[in-house]
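Residue numbers (this note's numbering): 4 to 293.
Beta carbons are placed, not taken as given, at the ideal position from N, Cα and C, and that holds for glycine.
None of the values given here were measured: they were computed from a predicted structure.
Right, one structure below, let's go through it.
Here's what the structure looks like:
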């Protein structure tokens, strides 16, 4: 099945903040962020976290709008691309379970916002994702200083300010979990689920760790992301970014999305080395917000 482009996914977005969709009106508040289904292929299920009831298939289509409090589940050879109204693009890859635990955002003027021109989010937001297992690539715009963006897993929490990581979480036969985080750009601070000081991870770096069935954290292993993996992450970003070429209002007029121009390439070897040098002698911890 070919990946479905979304030509109409923001038709209702300019009124979403005020009225909401009839079926989801009780979920909408003044600071509720929207999660737009940019496209999908294969078997994708969306489950309400409170009722544990899947949404009807006609709701899980390109152009559909979700809110936090739902879990996305993809089957084999399936994926879904989600656009958050803070500018974040999330690619949920095959056989993955991703829980949108929280996504709140201050109102903003959709008529003045062109997605591919955004260097930072259009208004402050707070996001908590929980990847229970599987793989995802997240392209996060630079966050407002009042904002937060955390990706949780059974292994730990990645605090993000504006970056492109690929995260893979797998169950082990003994009941534990392993996680590998591969950085394309930006920085994250990873904190193990058992607590402790965060570990800063920069462009081109990877971090592998896990948690045993007894709840004890496995050793952290830092490394370099392979060239093939960097290319793969960039391909996911480019594929998802094709939906980012117009303003919110353009979609209301039925225009066709165009490929985003000026997208960043994977970091060069010199950039990775420079990032490594900047961390030498530094203690573990979260970097500044700038």
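Straight-line spacing of the CA atoms in residue 217 and residue 197 works out to 12 Å. The straight-line gap separating the alpha-carbon atoms of residue 51 and residue 76 is approximately 11 Å.
By the Cβ-count criterion, residue 225 is exposed, with fewer than 16 other Cβ atoms from all chains shown falling within 10 Å of its own Cβ. Cβ contact annotation for residue 194 (same chain, cutoff 6 Å, sequence separation greater than five): 159, 160, 201, in chain order.
Residue 55 counts as exposed, since fewer than 16 other C-beta atoms from the protein chains shown sit within 10 angstroms of its C-beta.
By the neighbour-count criterion, in which 16 or more other beta carbons inside 10 Å mark a residue as buried, residue 150 falls on the buried side.
With 16 or more neighbouring CB atoms inside 10 Å of its own CB, residue 82 falls in the buried class.
Residue burial is scored here from C-beta neighbours: residue 229 has fewer than 16 other C-beta atoms within 10 angstroms and is therefore classed as exposed. Contact annotation, residue 185 with residue 168: C-beta distance approximately 7 Å; criterion of less than 8 Å satisfied. Note on residue 61: under 16 other CB atoms within 10 angstroms of its CB, so exposed under the neighbour-count rule. Contact check for residue 68 against residue 39 passes: the beta carbons are separated by less than 8 Å. With contacts defined as CB atoms closer than 8 Å, residue 157 and residue 214 qualify as a contacting pair. Under DSSP, residue 39 forms a beta bridge with 68, 86. Around the Cβ of residue 208, a 10 Å sphere holds 16 or more other Cβ atoms; the residue is buried. Here the alpha carbon of residue 178 sits roughly 12 Å from the alpha carbon of residue 219.
Cβ contact annotation for residue 80 (same chain, cutoff 7 Å, sequence separation greater than five): 45, 97, in chain order. Under the three-state reduction of DSSP, residue 46 is assigned to coil, being neither helix nor strand. Per DSSP, the unbroken alpha helix (DSSP H) holding residue 244 starts and ends at 230 to 244.
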